[in-house]
Amino acid sequence: MRLIPTTILLVCALASSSMLMSQAQLPAVFLLGQDEAAYEKLNVEHPRNLLVVSGNDTGKALNHWLDFILTIQEHAENVKYDINGLKVFLHVFWNEDGSIKHIGYFVKPDSRNFKPDELRAFFGTFIRAYKPKFSSDKKFSHYTTASFPTLIERKQ
Numbered sequence: 067m068r069l070i071p072t073t074i075l076l077v078c079a080l081a082s083s084s085m086l087m088s089q090a091q092l093p094a095v096f097l098l099g100q101d102e103a104a105y106e107k108l109n110v111e112h113p114r115n116l117l118v119v120s121g122n123d124t125g126k127a128l129n130h131w132l133d134f135i136l137t138i139q140e141h142a143e144n145v146k147y148d149i150n151g152l153k154v155f156l157h158v159f160w161n162e163d164g165s166i167k168h169i170g171y172f173v174k175p176d177s178r179n180f181k182p183d184e185l186r187a188f189f190g191t192f193i194r195a196y197k198p199k200f201s202s203d204k205k206f207s208h209y210t211t212a213s214f215p216t217l218i219e220r221k222q
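When the letters of the sequence shown are read in order and numbered with this note's numbering, they come out as residues 67 to 222.
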């Protein structure tokens, strides 16, 4: 008889914890590897990649990405945050309108040292300041590495 209330309590506790886990969301800026379940869900929610959004044109996709990296570098200059020496894995998740929903990052071992809170705050201000330059009828993402300073120039 005592087993029934204990079993019911255990089932309720497990149900509430799984509901909390399924409701957990990644912050706008997150460290890659921080929450694998939420990260996988984010990947499912963003089914397209930058190449598909660029019409499967590798040149166009490259130009979109290089322009994006230059925009990050310009933002760093505008807010006076030194990102020179940063080498990072980036996974950027865009909404359909081209605004950024999330940036996942992981600083590479051969990068200059950065304070994690400052880097997270920098990417957060970038997300808020970013003006979309392309869009899609579905959410999309792009995963690659980036190094700063960027030694490329925009085409005029």
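No residue lacks a Cβ here, since even glycine has one placed at the ideal position from N, Cα and C.
C-beta contact flag for residue i and residue j at 9 Å
i      : j      : result
Lys174 : Lys153 : yes
His208 : Leu156 : yes
Ile218 : Phe192 : no
Phe200 : Val119 : yes
Reduced DSSP secondary structure (H/G/I, E/B, other) of residue i
i      : result
Leu80  : Summary for Leu80: the model assigns pLDDT 43, below 50, so the residue's position carries little reliability; its value from the coordinates is reported in the next sentence. Here Leu80 sits in helix by DSSP.
Phe159 : strand
Phe189 : helix
Lys167 : strand
Lys107 : helix
Lys194 : According to the sequence as given, residue 194 is Arg; it is not Lys. Here Arg194 sits in helix by DSSP.
Buried or exposed by the 16-neighbour rule on C-beta atoms within 10 Å, applied to residue i
i      : result
Leu128 : exposed
Asp203 : exposed
Ala212 : buried
His112 : buried
The beta strand (DSSP E) enclosing residue i, as first and last residue numbers
i      : result
Phe134 : Run containing Phe134: none in the beta strand (DSSP E); it sits in the alpha helix (DSSP H), Thr124 to Asn144.
Leu97  : Val95 to Leu97
Tyr209 : Phe206 to Ser213
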